[in-house]
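**Student:** One structure, as structure tokens, below. Some questions next.
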Amino acid sequence: MKEKHLRVRIEQCLFLATLSPCPRRSFGAVLIDPHTNSVISDGYNGTSRGSPHPLCGGTVCEREHVESGTRLELGCHHAESNALANAARRGVSTEGAWLIVTGQPCLMCSKLIFHAGIGRVYCVRNGYAGGDAGPAFLTSNKVDVIYVDGPADPRFNA
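All residue numbers for the sequence shown refer to my numbering, where the first residue is 817 and numbers rise by one.
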């Protein structure tokens, strides 16, 4: 992928993150076909499709006072899982695709990324640091994890 295409896709991820209704974390993710530089699917973190509540907790983030990495049943769908689910909903293969995300994927999303056949994950520096467990899982399972420079996660600009 040419540098100019990577830059555009990073900007798309950051824009998608601004669509998230979550006051705690704003994530965007774009799945790319590396052979054509075209978007396969995208997503941002938020509630279930068609949910009557703008936030997973109704008016506040359910995870506000929950230690990171615990109580994973609480909270919204992550951008990475939304991008994968959107591809599956449309019947689009993700085998060999690349994922660009505005921070580090968590361990749960990293497992989904691996099982979906994603070959490379670009994590934008200055985004949310989700911890090393997700990227370590991907690397140990031979998924390339590449950190790229990009504008800061939009939630830091507030």
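Heads up, the beta-carbon is just placed ideally off N, CA and C, and yes, glycines get one too.
Just how far apart, CA to CA, sit H851 and G912?
**Tutor:** For the purposes of this step, residue 851 is identified with residue 35 of the sequence shown, where counting begins at 1. For the purposes of this step, residue 912 is identified with residue 96 of the sequence shown, where counting begins at 1. The alpha-carbon atoms of H851 and G912 are separated by roughly 10 Å.
**Student:** Based on the DSSP secondary-structure assignment, which residues constitute the bridge partners of V940?
**Tutor:** Indexing the sequence shown from 1 puts residue 940 at position 124. The partner list for V940 (beta bridge, DSSP) reads V964.
**Student:** Nearest CA to the CA of I856: which residue from H894, G950, G947, A845?
**Tutor:** In the sequence shown, residue 856 corresponds to position 40, counting from 1. The option with the nearest alpha carbon to I856 is A845.
**Student:** Could you tell me how far apart the beta carbons of S926 and G947 are, in whole angstroms, since I believe they sit closer than 8 Å?
**Tutor:** Working through the sequence shown from its first residue, we reach residue 926 at position 110. Working through the sequence shown from its first residue, we reach residue 947 at position 131. Not quite, the Cβ-Cβ distance comes to about 10 Å (not below 8 Å), so this is no contact.
**Student:** What whole-angstrom Cβ distance do I848 and V940 have, given they're in contact under 8 Å?
**Tutor:** Taking the first residue of the sequence shown as 1, we reach residue 848 at position 32. Taking the first residue of the sequence shown as 1, we reach residue 940 at position 124. Contact flag wrong, Cβ pair sits at about 14 Å.
**Student:** CB-CB under 7 Å to G933, same chain, minus the five flanking residues each way: which ones, in chain order?
**Tutor:** Locating residue 933 in the sequence shown gives position 117, counting from the first residue. Around G933: T910, E911, G912.
**Student:** Taking all protein chains shown into account, decide if H894 is buried (16 or more other Cβ within 10 angstroms of its Cβ) or exposed.
**Tutor:** Within the sequence shown, residue 894 is the residue found at index 78, counting from 1. Under this definition H894 is a buried residue.
**Student:** Leaving aside the five residues before and after S836 along the sequence, list all residues of the same chain whose C-beta is less than 7 Å from its C-beta, in chain order.
**Tutor:** If you number the sequence shown from 1, residue 836 lands on position 20. Cβ neighbours of S836 beyond the five flanking positions: S842, F843, Y860, N861, G862.
**Student:** Check whether the Cβ of D858 sits closer than 6 Å to any heavy atom of the ligand GDP, and report yes or no.
**Tutor:** Here there are no bound small molecules, and the ligand GDP is not part of this structure.
**Student:** Within the continuous beta strand (DSSP E) that includes L915, where are the two ends?
**Tutor:** Position 99 of the sequence shown, counted from the first residue, corresponds to residue 915. First-last of the beta strand (DSSP E) with L915: 914-919.
**Student:** Figure out for me which residue from L888, R936, C829 has the closest Cα to the Cα of S956.
**Tutor:** As a working note, residue 956 is residue 140 in the sequence shown. When only C-alpha atoms are compared, the closest one is R936.
**Student:** Assuming A845 is part of the beta strand (DSSP E), what are its boundary residues?
**Tutor:** As a working note, residue 845 is residue 29 in the sequence shown. Run containing A845: 844-849, per the beta strand (DSSP E) assignment.
**Student:** From the DSSP output, in three-state form, read off V908 for me.
**Tutor:** For the purposes of this step, residue 908 is taken as the residue at position 92 of the sequence shown. Of the three classes helix, strand and coil, the one that applies to V908 here is coil, per DSSP.
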